[in-house]
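Engineer:
Residue numbers (this note's numbering): 66 to 311.
The following block contains the structure:
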């Protein structure tokens, strides 16, 4: 069994991510660039995430990572279901929402929240909810999240955590489908800010009950046995920096 990387090596890997390359890191640390090249991460990384976030955020981040570290072999799977990270032999799960498994390591890499919103046409037709309980009388478009109770929305509001049972004639297992149906005026959705932000800015969707939101931060989740994996740490640091700049 190989010896785990030293703390010094891990600091150097993080420095490579911060300075965006071996040459810049070598200059910052007063080292020879050729010695830094020997620390380039290499080998297989099996990564999973949800389909919408994967296409729009994780895939571009991994594209940039692969360009910077060509010795990495990256396998990405987009899965809109609960994942058994260990049984399915994944090294890393980039997850939006909760991350509480005690046998896994979870690191928050980006802040995010889900918000309630709908198309102006729907609200003009059905009215605007004034209280959380009003959602029971509205058409809500429900998505089957990887980790969540289908049809029950748990939100943080002025009185703390509250929940409401919602439903409607349309539901899906894909967030992009649900987003599209909301734009078409079919009802109210609960979606991540990273997803609906542009539509809200354009006015294609508007916030509903803006005092309520559902925390849904972005997490890097990986097995404890990989806690000392330098290539995994470089990958996580890289994705975190990439998301900060988006």
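Yeah, the Cβ is synthetic: ideal placement off N, Cα and C, and Gly gets one too.
All figures in this text were calculated on a predicted structure; none of them were measured in a lab.
#1: Considering Cα atoms alone, identify which of 118, 248, 204 and 201 is closest to residue 185.
#2: Under a Cβ-count criterion, where at least 16 other Cβ atoms within 10 Å of its own Cβ denotes burial, should residue 302 be classed as buried or exposed?
#3: Buried or exposed: which applies to residue 309, given that a residue is buried once 16 or more other Cβ atoms fall within 10 Å of its Cβ?
#4: Out of 163, 118, 117 and 142, state which residue places its alpha-carbon closest to the alpha-carbon of residue 280.
#5: Drop a sphere of 10 angstroms on the beta-carbon of residue 106, count the other beta-carbons inside from all chains shown, and report buried for 16 or more, exposed for fewer.
#6: Just how far apart, CA to CA, sit residue 261 and residue 125?
#7: Please name the residue, chosen from 299, 216, 278 and 196, that lies closest to residue 176 on a Cα-to-Cα basis.
#8: Tell me the start and end of each unbroken alpha helix (DSSP H) in the region 130-191 that is at least 4 residues and wholly inside, in chain order.
#9: Counting along the chain, where does the alpha helix (DSSP H) carrying residue 306 start and finish?
#10: Closer than 6 Å by C-beta to residue 218: which residues in its own chain qualify, once you throw out the five before and the five after it? Chain order, please.
#11: Under a three-way DSSP split, which group does residue 280 fall into?
#12: Return the CA-CA distance between residue 166 and residue 119, expressed in angstroms with no decimal places.
#13: Here's the rule I'm using: 16 or more other beta-carbon atoms within 10 Å means buried, otherwise exposed. How should residue 149 be labelled?
#14: Keeping to the same chain, check which residues put their C-beta closer than 7 Å to that of residue 116; ignore five residues upstream and five downstream.
#15: So, helix, strand or coil for residue 217, using DSSP?
#16: Have a look at 123, 200, 304 and 188 and flag the residue whose alpha-carbon is nearest the alpha-carbon of residue 269.
#17: Determine the contact status of residue 110 and residue 291, defining contact as a CB-CB distance below 8 Å.
Structural biologist: Considering the structure as presented:
#1: Residue mapping note: residue 185 aligns to position 120 of the chain shown, counting from 1. Looking at the Cα atoms, 248 is the closest of the given residues.
#2: Translated into the one-based positions of the chain shown, residue 302 becomes position 237. With 16 or more other Cβ atoms within 10 Å, it is buried.
#3: Translated into positions along the chain shown, residue 309 becomes position 244. With fewer than 16 Cβ atoms within 10 Å of its Cβ, residue 309 is classed as exposed.
#4: Residue mapping note: residue 280 aligns to position 215 of the chain shown, counting from 1. Closest by alpha carbon: 163.
#5: Numbered from its first residue, the chain shown carries residue 106 at position 41. The residue in question, residue 106, is buried, as its Cβ has 16 or more Cβ neighbours within 10 Å.
#6: Residue 261 sits at position 196 when you count from the first residue of the chain shown. Residue 125 sits at position 60 when you count from the first residue of the chain shown. Taking the straight line from one Cα to the other gives about 18 Å.
#7: Working through the chain shown from its first residue, we reach residue 176 at position 111. Nearest of 299, 216, 278 and 196 to residue 176, Cα basis: 278.
#8: 185-191
#9: Numbered from its first residue, the chain shown carries residue 306 at position 241. Looking at the DSSP string, the run of the alpha helix (DSSP H) that includes residue 306 is 295-309.
#10: Your numbering for residue 218 matches position 153 in the chain shown. The answer, listed in chain order, is 229, 231 and 255.
#11: As a working mapping, residue 280 is identified with position 215 in the chain shown. Strand.
#12: By one-based count along the chain shown, residue 166 stands at place 101. By one-based count along the chain shown, residue 119 stands at place 54. The alpha-carbon atoms of residue 166 and residue 119 are separated by roughly 21 Å.
#13: Position 84 of the chain shown, counted from the first residue, corresponds to residue 149. That one is exposed.
#14: Here residue 116 refers to the residue found at position 51 of the chain shown. Contacts found: 143, 145 and 239.
#15: To locate residue 217, count along the chain shown from 1; it is residue 152. Correct three-state label for residue 217: strand.
#16: For this step, residue 269 is matched to residue 204 along the chain shown. Answer by Cα proximity: 188.
#17: The sequence position of residue 110 within the chain shown is 45, counting from 1. The sequence position of residue 291 within the chain shown is 226, counting from 1. Result no, Cβ atoms of residue 110 and residue 291 do not sit closer than 8 Å.
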